Structures are given as C-alpha cells and as structure tokens.
Amino acid sequence: MHALVERLYPLCRSITGDGVRSTLDIVGESIPLEVTEVPTGTDVLDWTIPREWNIRDAYIKDATGRRVVDFAESNLHVVGYSVPVSATMSLAELRPHLHTLPDQPDLIPYRTSYYSETWGFCLAENTLKELPEGQYEVRIDSTLAPGHLTYGEHVIPGQVADEVLISCHVCHPSLANDNLAGIAVATALAQRIENPYYTYRFLIAPGTIGAITWLALNRERVDRVKHGIVLACAGDRGSLTYKRSRRGDAEIDRVFRHVLAGRDHTIVDFTPYGYDERQYCSPGFNLGVGSLTRTPYAGYPEYHTSADNPDFVSPEAMADTLETLWDAVGILERNRKYHNTSPYGEPQLGRRGLYGSLGGRSDTQQIQMAMLWVLNLSDGSHSLLDIAERSTLPFTVVADAAKALHGAGLVKE
Amino acid sequence: MHALVERLYPLCRSITGDGVRSTLDIVGESIPLEVTEVPTGTDVLDWTIPREWNIRDAYIKDATGRRVVDFAESNLHVVGYSVPVSATMSLAELRPHLHTLPDQPDLIPYRTSYYSETWGFCLAENTLKELPEGQYEVRIDSTLAPGHLTYGEHVIPGQVADEVLISCHVCHPSLANDNLAGIAVATALAQRIENPYYTYRFLIAPGTIGAITWLALNRERVDRVKHGIVLACAGDRGSLTYKRSRRGDAEIDRVFRHVLAGRDHTIVDFTPYGYDERQYCSPGFNLGVGSLTRTPYAGYPEYHTSADNPDFVSPEAMADTLETLWDAVGILERNRKYHNTSPYGEPQLGRRGLYGSLGGRSDTQQIQMAMLWVLNLSDGSHSLLDIAERSTLPFTVVADAAKALHGAGLVKE
Amino acid sequence: MHALVERLYPLCRSITGDGVRSTLDIVGESIPLEVTEVPTGTDVLDWTIPREWNIRDAYIKDATGRRVVDFAESNLHVVGYSVPVSATMSLAELRPHLHTLPDQPDLIPYRTSYYSETWGFCLAENTLKELPEGQYEVRIDSTLAPGHLTYGEHVIPGQVADEVLISCHVCHPSLANDNLAGIAVATALAQRIENPYYTYRFLIAPGTIGAITWLALNRERVDRVKHGIVLACAGDRGSLTYKRSRRGDAEIDRVFRHVLAGRDHTIVDFTPYGYDERQYCSPGFNLGVGSLTRTPYAGYPEYHTSADNPDFVSPEAMADTLETLWDAVGILERNRKYHNTSPYGEPQLGRRGLYGSLGGRSDTQQIQMAMLWVLNLSDGSHSLLDIAERSTLPFTVVADAAKALHGAGLVKE
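Protein chains in written order, with this note's numbering: chain A, 1062 to 1474; chain R, 1062 to 1474; chain E, 1062 to 1474.
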C-alpha cells in the first residue's frame, strides 16, 4: 500500500483534469476500474460540472531570473484551479496572491479556488520573508476549459444487488494521508474480497462535486446502497476514528462500534462537515454511510500542508485500517435476522447432536450458549450482531451457532 | 422592579377582595390590564367561587388596652379569610387561635383558612411568650360576603393566535418574594416585548382558585396556550430553578434547559405540588407550562413568614430572572422547523454568496457551519433549537443561518 | 420451611419416577396438590416424554466385598437415569464411568444423563484415589421403562382468571438449596395467600421437560399467566438475585426492582440459561416471568455437589426470600391503572374531607402528596407502581391514596 502512495504522490490532482486520470490509470493496474467522464456544464443535483483544469508549469522568478517558487518542486505551490497568468509585478502587487502559514513557517499550505476565478501561489512563510522588494515575473501555465469530470468505480458483484459503498476522494494533489492512503487501503480491500454476499462498490471520485455527480447519475439506484464507508486519512499514526452516519444507528454504525470495541479508537456523531459523507448523508439520501479515518481532517498539524507527505503515512497504520475494514466486512457479510422455527419452549438440541449430553455440569461451552441466545432472540427483530452485543459473545461464535441451527432447520431467514 | 415590590407590599391581598383590586390597579399603571370579576357562587371546574373577604382592622388588646397584636402593623397577623370576631376571652381560650413558629421565634407566620370557617391570629413566638395570663379583647373587623373573585390579564397580540402564558399568583398579603417579585418581573417583561410572533398573555390571578377560574372561563381556548411559565419567588438571592412541565419534554422545557445551561441553575422534574403549574399541568389540560423560580417554595427559611419582606428580594436577582425570561422568549420567538428545499446533496452555497470561496482551509466560520447543520437537519422533524443543541452552536447563530438560507430559498417553513 | 427441606432431602428425585411422587405427597400435606401424570412417549412441544426411571440400589464393591460407593449413603452417587448394570470389571474398565471433582476432592458431584443411555457413578476424588487396582463388582438396580412424568399444581382462585405463576423444579435428588428450599418457600407462600385478586398457580415440576410438558398441556391458556416467578436456590446465605424476564420491563420486573430497592440485592438481565424461565421466556411464549434466587445457579462452590445439604440452607434466608415474595405479591395485588374522573384542574379535596384545611404551611402529609400524584398521573397510562416510583413515595401510601380517591369517586379503574 505504501508503494502505491509513493507512486501516486507526485501527480497534480484536482477536481478535474489529467492528474485524476493518471491516478485512476495507476489504481486500475491493481483493480479494474470503470472510468466515467462527465462533460463540463452537466447539471448534477444543485451543481454544474465546472470547466476542466490542467496545469503544466508555474513559477515566480525574482529579478535575477531564479525561480523562488516553482510548481515543479511541489504542486502545492499553485492554488488549485488558478487561472493562467503571465505578468511582471512588484512584491506589493503580488502579495495578495501569496498564501502562507505564519504558524508553520516552513510548510507550504494547500489552497484551492474552484468556483471563484482567481490565481495564487502557496509558499512557506520563511520563503516569503526572504523575498526582497522588487519586480517578479509571475507565470501560471494552466488551462481552464470545457472538458470533463472523471471518476472511477470498481464493482465486485455479490449474491444480492444490495451494495456496500466504499468511497474515497481523489482530488488532492501531493497530500499523502489525505487521501492517497485512503485510496491505497481501499484498493487493498477490494483485492481481498471474493465472492461476497453484498455487491461491493469502490468509488474513487473528486471530493464534493465528484460524490454529487455520482449521486446525480445514480439517483434512481442509490437506495441499493445499504451500507457505506467514506475512507480518508487512513495512514497516519493516530488511532482510528469512526464517524457515525446521520442516522446514528445504522447497521454500519453498529458494526463499527463492535469492531472497534477491542481497539484504541474514537467514535463521533455525524456532523455535516468533513468528507463525502456530507453528500451521502444529506437529508434527501440519508444513506447508512459512516466515515473511517485515523486522525480526522484538520486534527493533525500536517493536515493540508506539504508535511502530509509519504513519510507521514505508515505501512503499519494502513495495515491496521485495512484489518479493521476487513473485520467490518466480515460482520456485514454474516449479519442476518433469523426466525426461530420452534419458538415455543427450547427445542431439544441434544437429539440433533447440537448439545452436550451429560447434564448437571455448571459450565457450558460458548457455542452452546450462543445457540441458546440465537434461539431465544431470533424473533425477526434481532440481528446476529444484536445477539452478539446482548450476549457479549464474539460475533463469529454467534454466527457459527446460527449456521449450525440453520443447518438443523431450527432457524430460518 | 423593586420600587413596584415596595409599593405593593403593604396591601392586604387574599384570594378575593380589595387588596387584589388595588394591586391590579397599581400594576395597571405600567401595563394595561383587563380585569375580570367573577361572582361568588360561580362553578369553576370542580370548585365554586367563595365569598369575598375584606378586612379593615384586627387586634388583640391586653387588660391595659394595649394592642399586643395589631393588623395595622402587619397584615400577616390575621389568618386569611378569618370570620369576624369581637369578644373578650382568657389567654387559654384564645390560645387555639394563635399560630407561631417556635423554631423562628421572632417571625410572624403566614396562615389562611379559605374553605373552613374559622378565625385566628399569627404572631411571633417571642410575643406569645410574653403575654401574661388574663383577659384579652379580641377583634377582627372582617367581612365574608357575596362578592367577586378578581384577576387581571395583559395581552400582547402576536402574528399568530398561539399563546405564551406568563402566570403569577397575587393572593399573598405582605410577602415580597412570594409573589410580588414575580409580578414585578412579569410586568417588566411585558413592557419589553414588542411585535412578537406569539401572542403573550400575562395572567395575574389568585393562586389555585384564580388559575382554576381562568381555566374554567377559557376552557374552549386553552389549547391556544402553546407554552407557558408560572413565575414565582423571582427575587431572592438564590440561583434559578426551572421546574419542568408535566410533559417533561415540552418545547418550553427544552428552551429553559438551553437558556439556563450557561447560568448557575437547577432543573427539577414536574411534581403536582407548588404553584399554579399544578392546574395548567393537570392531566386534562397537560399544557406545556413550566415554572421558574429562584429558590423554590418552602426552600428558604423566610418562606411564608414576615421575613419575606422587600429587603429579602434584590434588584439584581430580579434583573437576572428577567434576563433569563427574555432569553427564553428570544428562543421561543425564533424557534421553527424548516424543510430543506434542496435535500439531495448539499446545495452550492458559494454561488449564492453564502460561503467562503477559498477552499482547503481547516477552519470554517461558525455561521457557515450553522448553515450546513440547518440544511442537514431541516427535514421537518428538527427545530432550530434541536439543531443548536445537536451542533452545540449558539441558538442565535443557527437562527441567523436559517434566516439566510430562507432568504436564498434553500429552506422553507 | 427448614423441616420440610430436611424431610424431602433423602428422596431420590429425577425428571420422572417415584421420588417426585413422594415429594409431591409430602408437599401435599401442607397445600393441596393436583398431580398430573403424563405417559412416556407423549409429544410435548419439540420434546417427547422419556421413559420413567426408578432405582432401588446401586453400589461398587471392592474385592473384599465392601461397598466403596453406596447409593444408600447418598443418591448423588449414581448418575441420574443410569441404565441397569451388573458386572465385574477392573478399575481401568470402570474408570470412564466414574465422575469426581478434582478441585473439591471431598465432595460428590451431581450428574445426569437423561437422553443418552449410559451409566455412571459419582464419588469424591479422595475416595477414588484410595481405590486400589483390582476387580470391582458394579451394580445399578434401576429400571428405565414406560411410565409417566409427574408434576403437581396448587391453585388459589382469585377475583380474576389472570394468573400469577410460581414455578419450582423438583427433579434434583439430595440437593437442598437447589431446589428443596425453593419448594419449601413456595409452599409457605401458598399457605399465606388468601382471597387474592389474581389467581395464583404454584407449579412443582421437573426442570426443563416438566415446564415444557406443562406449557404443552396448557398451551391454549398460557396467556392467562400475566406474571410469574421461577423460584430456586431460595435458602443459601447469599443476598437475593432477581433475573429479569426476557421482556426486561414486564410488570414483574418493575415490581421486584421496587421490592428489592431497600434490600441487599442484585438484578441481572435475562439470559437463556438457568432454570425454567428459559421455557416461559422462549420467544413464542415470552411470558412476564422472572426468576428469584439467592446466589444464582453455579454461583456457589456447593452448587450441584453433596455440600448442598440441609446445613447449607438457613431458616433466616428462606424467611427473607419468603418476605420478599410476599412484598412483591402485595404490590402485584394492588397495582392498577386508574383514570382521574376530574382531570381538568385539581379537584377540591378539602370539601371531600381529603385534605388539611389550614393553608400556608410548607409541609404536607405524605398521603396528601400521594393523592396529588395519583390524581395527576392517573391518565390511564401510569400504574400505581409507576406513580410510586415517579414520586418516590412508598407504594403502600400511593395505593392507600388511590383507595381514598376511589372511594370519593375521583378516580376509577
């Protein structure tokens, strides 16, 4: 996963443009992607696909001709969606177009201006301080023109059409944790899932406008999404944070509460700010989509700066994120509600070979307790996860018990 | 407000009589009052308007002709609704008619006997102790005769007929905190409200029988009362206590929880004892009426004694009660449920001038967060107060956000 | 009660057989029992009545002819439902049929094998250790033959057909706390109840198969059981434990929470393991049946061993269990939901003689407060127990207040 982060890191992504296409090409080497191109001007929900932005070069040259700020060194140097500029101006004229982080003077900030035509450069405060007065040559070789918005999907068909959505944003340029780590973990998860019960849809799309576009183009089938996760900031060394869906008690929320119980973690309620859960959990859709991150957005000083580089993400952290997702998938896949077919009194487990035969002992095997719990609570209103939580038995033991009872005809779906 | 308390203090009020009328006259100088007179014998719910009680003088004279207990000194000296008496008797004969507070030997207690014909005097235990054996002349120059029960109302018409009721009892004689302070604060509040959304009804009526009479005479329109507060003990130096309505989660309960959150306060559940919330919250009416006091009834040693005098109430405490009520009114006035008109995905706030244009920053203005919250939760089931509590944003910011969104057509009522 | 435990202790009970019949005969001397005999082979819910088991003698003789294990000394020595055996074998051959408790080497364990044909002996680990190698004569003089399952019922007719079920298992041989103490306490409770409101049904039946048989034979009238208690382990010196019904908030659960509040106790949620609450609370029946024990099953080292003898149960503990049940019965009998017939405002209690006449005092008698609470909450949705818990007044005071109000026509059922 870390190698993928390093390979994707140099590309200059934005909400449109060739950086996104190159990223999807590289991810597509690991998992087949269906790529969708949506033309500029297309109406998507309350929004319109903007013009496509591409950039080849950008710099600020001082009076000696030296590039004091250079896009070739870091694509963060240019404000995303900057219109082309080619001019010479004094530092005072240039100053309103320069963005720095005075409190983190060595770092380059990340800034964009998608929907307001402007241009700008981002640079370290310390670099700015050293710029002498004088004339500067300013050049941004970008294009903002009719084109497309691009996103990619990888679908793993399941036994049912009901979907689990894993969504990652792809619009950030050279920022590793946000969100190349998310893309890398999602890719690894997609490679691991085989013959699932649910259909799994991995969506790699620009933030906000990309999710909105996907929702607009799939509006009639959005209700197939039964569960979902927005995956971001998946690689920093902080512990895991799960943000609940707007519903607050969707099955995905319950699943992550269960999976995270044994891990160092934080669970927070839904807020309408963050990543694309904002769109999936808008009140009209209100999907059962939560968000998994390690340290949440804006929660670490490297956030949206040049310090969010591949060194900032750790292979161990990405592996931990992946295993957590894998455990969640494991519960989603097996979680069902059953009906006890013999609900009056306990069925005689012994004659079906499901129970120890020598009575009077004060201990009972976990699997036998699990069978009693599944029988007792399988009235159509309790899922296996409910039963696991109520009984404090491990989910896998409860699911195994349900499988044995199902085999004996004592419960049915 | 304190001047009003001092001016009303000497009057001898009871559940009927001229003391109530004089009190309403004085309050009427500040806010216009519609005064209702209900004749003795009128059936009101399960009760009947009693005879009207008036008193001119009362005393106990010792053998030397000295007034050892004198109504002219304090109207608390006479048990409320005492029948006339004019007799000479020994101290032993008189003794069953004398009420003192042995544990507070310097204070005169407050006693009444509205519905059982008797007479009595209240005096300090220390006064009683000094009375020598001997004959005493006892006189109560009162009348108990057909007349009226009197109450006053001040109504501020609103945009809607739905009402907010502020109710104060007016039946206590020379007791300042209970309830002249409540009347004074209510009067000040009435003077401050202008062009409200709700119709505000201030009711100044005798306790129990007065509220019951008003309910009986307004039974068909009681359901206009959407919110209400029984205001009492509004001026002592203790912190505020809010007592929930019988419903427990009425909007008024939510409003006071929110308003009091930043203040030193106590919130208690409804009990069927206290002031006229007992009547408004009887199960047949079950109105959304809570009660606001500073120290609750019987919670301070001066309660129902001669120590509850104008010195006991403080101008600062009354001002604090008033400001709290004012904040509550401010929320009631603006609290609405809206519907997001663009509930699928987030609407594009930027092109409507409702959002900062430069992306990538990790901070977001409070008002912008409030707009996202209002959009996300305005599904018809969340009020602005719900949204403020859920988001932990100030109510006024949330209400301002809703106003901006309403102006842009993004939410509707 | 302790005398009954001692008298019943020596009998060799099992899920069928003469030991149960003798036990019911002895209990029947205190309370009349209707005894039901259900033939072997009868289908009961998912189960079938097994063959009846009886035993006359059993032993292991060593080479000298000495009985080293002797049923006559303790009926725990034989595994319940052992098939007949008469053989001579080496200790090595015998060994798989011997059950001991290595961690409690002086105690004889209790073991059964109802549904798997086998035989075995239970003995102290220390006895086993002293057995020399050699040949042993092994004999179990038992019969396993078509017969009956036996249970007994004692019914106290009430004013209504709705039933309170008190259920005790009777299938354990010489074990005192589990469950002779339960049977003794139930018997004493039955003797104390006179002219009840509910119909009380005491069921003394073998565990599991007995309860299942009773449910099968009474399936059409099971819904008459409105409340119930499975009573077991009623005599050890530990504090009381109440196990909630599967419903979790059944009236019986509320009653025991209230009754136990003033006692040293533990309340646990329902689990589908334990005593016959497993059957009554199976999802098809889902009755309001909880379980009362002192120390729960398997919670004390003497559980299911020869140390659970009459010395292990204390008369004081049984008396405490009985008084707790009696208090619970007292609440069940009086707990009702009333309707306030005068719900608009407070009714005038004074003119009905229900209220103190002298106003102004800051104290109010408990019974008067209880009347206000009953009036305020008697809207058909609050029971007297609800009102007692809400008001924190004693249940008996609330019930007395309701009685007074009912007498005055102010509430009705």
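Ideal Cβ positions, reconstructed from N, Cα and C, are used throughout, including at glycine. Only a predicted model underlies this, so the values are computations on that prediction, with no experimental measurement involved.
Could you give the first and the last residue of the continuous alpha helix (DSSP H) run that contains residue i?
i, result
"A:R1262", "Note, A:R1262: premise wrong, no alpha helix (DSSP H); beta strand (DSSP E) at T1260 to A1266."
"A:R1137", "Residue identity differs from the one stated: residue 1137 of chain A is Leu in this sequence, not Arg. Run containing A:L1137: none; DSSP gives neither H nor E here."
Which word fits residue i, buried or exposed, when buried means at least 16 other C-beta atoms lie within 10 angstroms of its C-beta?
i, result
"A:R1355", "buried"
"E:E1474", "exposed"
"E:V1066", "buried"
"A:H1284", "Looking at the sequence itself, residue 1284 of chain A is Asp, so the reference to His does not match. The residue is exposed, with fewer than 16 neighbouring Cβ atoms inside 10 Å."
"R:T1453", "exposed"
"A:K1287", "buried"
"E:A1477", "Residue 1477 of chain E cannot be examined here, being either before or after the span of chain E that is shown, 1062 to 1474."
"E:D1372", "exposed"
"R:H1400", "exposed"
"E:R1117", "exposed"
"E:V1099", "buried"
"R:R1262", "buried"
"A:E1363", "buried"
"A:G1309", "exposed"
"E:C1084", "Note on residue identity: the sequence assigns Thr, not Cys, to residue 1084 of chain E. The residue is buried, with at least 16 neighbouring Cβ atoms inside 10 Å."
"R:A1245", "buried"
"A:T1125", "exposed"
"R:R1127", "exposed"
"A:P1234", "buried"
Could you give the residue range of the beta strand (DSSP E) that holds residue i?
i, result
"E:H1443", "D1440 to S1444"
"E:R1128", "R1128 to D1131"
"E:K1100", "Checking the sequence shown, residue 1100 of chain E turns out to be Pro, not Lys. It spans E1095 to P1100 - the beta strand (DSSP E) in which E:P1100 sits, taken as one unbroken run."
"E:S1151", "V1146 to S1151"
"E:W1114", "E1113 to K1122"
"E:L1065", "First-last for E:L1065: H1063 to L1069, but that is the alpha helix (DSSP H), not the beta strand (DSSP E)."
"A:T1327", "H1326 to V1329"
"R:G1289", "V1286 to L1292"
"R:T1385", "Element bounds for R:T1385: not the beta strand (DSSP E) but the alpha helix (DSSP H), P1376 to R1395."
"E:L1471", "That residue, E:L1471, is in no beta strand (DSSP E); it is neither H nor E in DSSP."
"A:T1332", "Note, A:T1332: premise wrong, no beta strand (DSSP E); not H, not E."
"E:L1301", "L1301 to K1304"
I'd like to know whether the C-beta atoms of residue i and residue j end up nearer to each other than 8 angstroms.
i, j, result
"R:G1213", "R:E1113", "no"
"R:G1349", "R:E1312", "yes"
"E:N1238", "E:C1294", "yes"
"R:L1189", "R:T1149", "no"
"A:A1463", "A:H1319", "no"
"A:D1028", "R:Q1429", "Because chain A here runs from 1062 to 1474, residue 1028 of chain A falls outside it and cannot be looked at."
"R:T1211", "R:V1081", "yes"
"R:N1115", "R:T1204", "yes"
"E:Y1175", "A:R1412", "no"
### Task
Could you tell me whether the segment 1302-1314 of chain R touches the segment 1330-1340 of chain R, where touching means 3 or more Cβ pairs closer than 8 angstroms?
The answer is yes - the segment 1330-1340 of chain R touches the segment 1302-1314 of chain R, with three or more Cβ pairs under 8 angstroms.
### Task
Count the C-beta pairs between the segment 1173-1186 of chain A and the segment 1131-1144 of chain A that are closer than 8 angstroms, then say yes if the count reaches three, no if not.
Because the criterion of three Cβ pairs below 8 angstroms is met, the segment 1173-1186 of chain A and the segment 1131-1144 of chain A touch.
### Message
With three or more C-beta pairs closer than 8 angstroms as the rule, is the segment 1445-1461 of chain A touching the segment 1384-1400 of chain A?
### Response
Short answer: they touch.
#### Entry: the segment 1257-1269 of chain R contacting the segment 1368-1388 of chain R, beta-carbon criterion three pairs below 8 angstroms
For the pair of segments examined, the segment 1257-1269 of chain R was found not to touch the segment 1368-1388 of chain R: the number of CB pairs separated by less than 8 angstroms stays below three.
### Task
Counting only runs of 3+ residues fully inside the segment 1189-1244 of chain R, write out the beta strand (DSSP E) ranges in chain order.
Correct list: 1196-1206, 1209-1217 and 1224-1230.
### Query
How about the segment 1359-1375 of chain R and the segment 1066-1076 of chain R: do they share at least three Cβ pairs that are nearer than 8 angstroms?
The segment 1359-1375 of chain R vs the segment 1066-1076 of chain R: in contact.
### Message
Contact between the segment 1339-1349 of chain R and the segment 1266-1277 of chain R is defined here as three or more beta-carbon pairs at a separation below 8 angstroms; is this criterion met?
### Response
Result yes; three or more Cβ-Cβ pairs closer than 8 angstroms.
### Message
Going residue by residue through the segment 1337-1362 of chain R, where are the continuous alpha helix (DSSP H) segments of at least 4 residues, counting only ones entirely within it?
### Response
For the segment 1337-1362 of chain R, whole alpha helix (DSSP H) runs of length 4 or above, ordered along the chain, are 1338-1341.
### Query
Pairing CB atoms from the segment 1193-1206 of chain E with CB atoms from the segment 1150-1157 of chain E, are three or more of them under 8 angstroms?
With a cut-off of 8 angstroms, the segment 1150-1157 of chain E and the segment 1193-1206 of chain E count as touching, because enough Cβ pairs lie within range.
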